[in-house]
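Read the structure below first, then the notes.
Residue numbers (my numbering): 508 to 969.
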């Protein structure tokens with residue numbers, strides 16, 4: 508992971524919250540090392556009908572390399588919180604557990620495990636923070652990007668969608684992982700060169716207003732840039748959009764076949780009206796192959812509005828609102844203990860309870876359309892397609908956990924999204940009607956576990 512080296516391997520185990528380490532020491536001191544089960548899931552959705560799971564690869568990379576370097580142990584020793592014997596134990600620490608997960612690019616719904624960790628409780632506890640950080644963020648961005656792509660491809664027209672979000676995303680790691688997640692979700696290219704190198708994502712870009720402004724004339728800027736890049740896309744709205752379009756037409760008239768620009772970019776104003784007028788001017792000049800690219804504050808809702816107005820736009824550069832998931836900049840994700848030492852566990856707090864025990868999620872179909880998900884116990888035999896796969900066993904990747912090219916993850920996402928009912932892919936929330944139900948065995952386990960906990964609480968009450 509070339510750019511991700513900022514998450515340095517020699518301090519990787521410190522990418523956690525302090526209380527994970529203090530609990531780890533407490534588990535160690537109490538001799539608590541029985542297997543635990545933790546689920547990573549999202550409790551509820553806001554302004555979304557589904558989520559697109561993403562970020563598993565970074566989670567597995569972290570788990571397989573997890574260790575405490577001398578530098579990390581030295582830092583912990585300076586904190587006066589940790590016993591010397593515990594730090595000696597950490598020197599040989601590694602993750603030895605099993606991991607079950609849905610493949611990246613799989614649509615998921617509330618309360619369904621995106622990932623399940625089965626490991627000695629201290630190991631499973633320590634990794635919570637990093638797993639939540641990576642999977643929550645990438646799932647959030649992939650889900651947003653999926654909606655943007657869905658809006659752009661209305662009518663089965665293959666319109667380009669490019670990620671322009673790097674400059675306003677929340678730091679370099681977010682920009683890298685955001686570009687990755689967006690590409691898996693169906694975005695075609697990114698302006699982020701480092702992400703292009705790291706993840707083999709096609710890179711794209713045009714020109715900035717500053718380049719136009721730095722020249723004595725707009726036409727002079729167009730000539731210079733197209734001389735260097737004959738198949739470029741010209742930014743035409745620096746001064747007067749339609750005037751810029753006319754200059755682009757004049758440039759192609761005077762240069763002939765020497766310059767064959769691919770398109771123009773509109774970045775401000777009434778994009779629908781300007782796209783219609785630009786298309787008219789280009790077509791009248793016989794330039795019917797010149798594309799119109801739109802950018803500037805776009806998201807799925809603005810793209811939908813533009814296309815509802817029949818704007819003749821061939822592609823979209825989408826930045827801030829996709830790169831920060833502006834309408835939903837956080838997910839209500841959780842990583843909760845649901846089993847320890849062979850016994851189910853759960854939280855009873857109002858609105859924050861979780862399902863006990865190990866699980867499987869089974870997706871059921873009517874023909875080729877997904878109609879229902881069943882959250883079942885791990886050993887149940889239920890008709891349908893099980894979503895959770897074992898991706899790590901004994902701390903090592905399984906065949907299902909082998910790193911896959913992003914193109915394969917992208918194809919998987921496209922195929923799985925196409926199985927969802929059309930109303931589920933709609934932009935409006937609350938229109939899905941998609942069922943997520945508990946199996947009878949899971950319902951029984953939930954009731955039994957809840958009753959046992961309530962008896963325990965009653966017995967402990969003075």
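By construction, the Cβ of each residue, glycine as well, lies at the ideal position given by its N, Cα and C atoms. Keep in mind that this is a model prediction, so the values were computed, not measured.
Could you check whether residue j and residue i sit closer than 8 Å to each other, using their CB atoms as the reference points?
i: residue 803; j: residue 775; result: yes
i: residue 626; j: residue 604; result: yes
i: residue 692; j: residue 652; result: yes
i: residue 810; j: residue 768; result: no
i: residue 708; j: residue 688; result: no
i: residue 694; j: residue 664; result: no
i: residue 600; j: residue 634; result: no
i: residue 648; j: residue 547; result: no
i: residue 918; j: residue 907; result: no
i: residue 646; j: residue 561; result: yes
i: residue 943; j: residue 616; result: yes
i: residue 553; j: residue 618; result: no
i: residue 758; j: residue 788; result: no
i: residue 680; j: residue 699; result: no
i: residue 496; j: residue 756; result: Here the chain comprises residues numbered 508 to 969, so residue 496 is not present and cannot be evaluated.
i: residue 636; j: residue 523; result: yes
i: residue 764; j: residue 745; result: no
i: residue 754; j: residue 729; result: yes
i: residue 580; j: residue 594; result: yes
i: residue 639; j: residue 840; result: yes
i: residue 949; j: residue 862; result: yes
i: residue 814; j: residue 801; result: no
i: residue 924; j: residue 610; result: no
i: residue 719; j: residue 735; result: no
i: residue 891; j: residue 904; result: no
i: residue 851; j: residue 952; result: yes
i: residue 650; j: residue 583; result: no
Using a Cβ-Cβ cut-off of 8 Å (strictly less than) and excluding sequence neighbours within five positions of residue i, which residues of its own chain qualify?
i: residue 677; result: 831
i: residue 885; result: 864, 865, 866, 867
i: residue 738; result: 767, 768, 769
i: residue 901; result: 603, 604, 605
Starting from residue i, follow its DSSP beta bridges and name the residues at the other end.
i: residue 884; result: 866
i: residue 943; result: 880
i: residue 697; result: 670, 710
i: residue 899; result: 606, 904
i: residue 952; result: BP columns for residue 952 are empty, so no partner.
i: residue 843; result: 546
i: residue 892; result: 870
i: residue 798; result: 770
i: residue 824; result: 669, 802
i: residue 958; result: The partner list for residue 958 (beta bridge, DSSP) is empty, contrary to what the question assumes.
i: residue 850; result: 847
i: residue 558; result: 615
If residue i sits next to residue j, beta carbons under 8 Å apart, how far is it from one beta carbon to the other, in whole angstroms?
i: residue 666; j: residue 823; result: 7 Å
i: residue 877; j: residue 927; result: 6 Å
i: residue 520; j: residue 574; result: 6 Å
i: residue 960; j: residue 855; result: 6 Å
i: residue 825; j: residue 624; result: The pair is not a contact, with the Cβ atoms about 34 Å apart (cut-off 8 Å).
i: residue 828; j: residue 844; result: Incorrect: roughly 36 Å between the Cβ atoms, too far for contact.
i: residue 816; j: residue 779; result: 4 Å
i: residue 589; j: residue 527; result: Wrong, their Cβ atoms sit about 13 Å apart, outside the cutoff.
Beta-carbon within less than 7 Å of residue i's beta-carbon, same chain only, minus the 5 sequence neighbours each way: which residues are those?
i: residue 799; result: 770, 771, 773, 782, 785, 786, 819, 820, 821
i: residue 847; result: 541, 543, 628
i: residue 620; result: 546, 547, 548, 866, 868, 895
i: residue 712; result: 698
i: residue 910; result: 564
i: residue 983; result: Since the first and last residues shown for the chain are 508 and 969, residue 983 lies out of range.
i: residue 860; result: 853, 854
i: residue 508; result: The predicted position of residue 508 is uncertain, since its pLDDT is 44 and thus under 50; a value taken from the coordinates is nonetheless stated next. Closer than 7 Å at the Cβ level, and outside the excluded window around residue 508, lie 568, 705.
i: residue 970; result: Here the chain has residues from 508 to 969 only, and residue 970 is not among them.
Quick one: what's got a C-beta closer than 6 Å to residue i's C-beta in the same chain, skipping five residues either side?
i: residue 608; result: 563, 622, 898
i: residue 510; result: The pLDDT assigned to residue 510 is 43, lower than 50, so where the model puts this residue is not dependable, and the model offers no usable value.
i: residue 807; result: 654, 655, 658, 934
i: residue 612; result: 691, 916, 919, 920
i: residue 534; result: 628, 629
Beta strand (DSSP E) runs contained entirely in the segment 647-686, provided each spans 3 or more residues:
Those beta strand (DSSP E) runs which fall completely within the segment 647-686 and span 3+ residues are 667-670.
Which whole runs of the alpha helix (DSSP H) in the segment 560-630 are 4 residues long or more, in chain order?
563-572, 577-584, 591-597
What are the complete beta strand (DSSP E) segments, minimum 3 residues, inside the segment 723-765?
740-742
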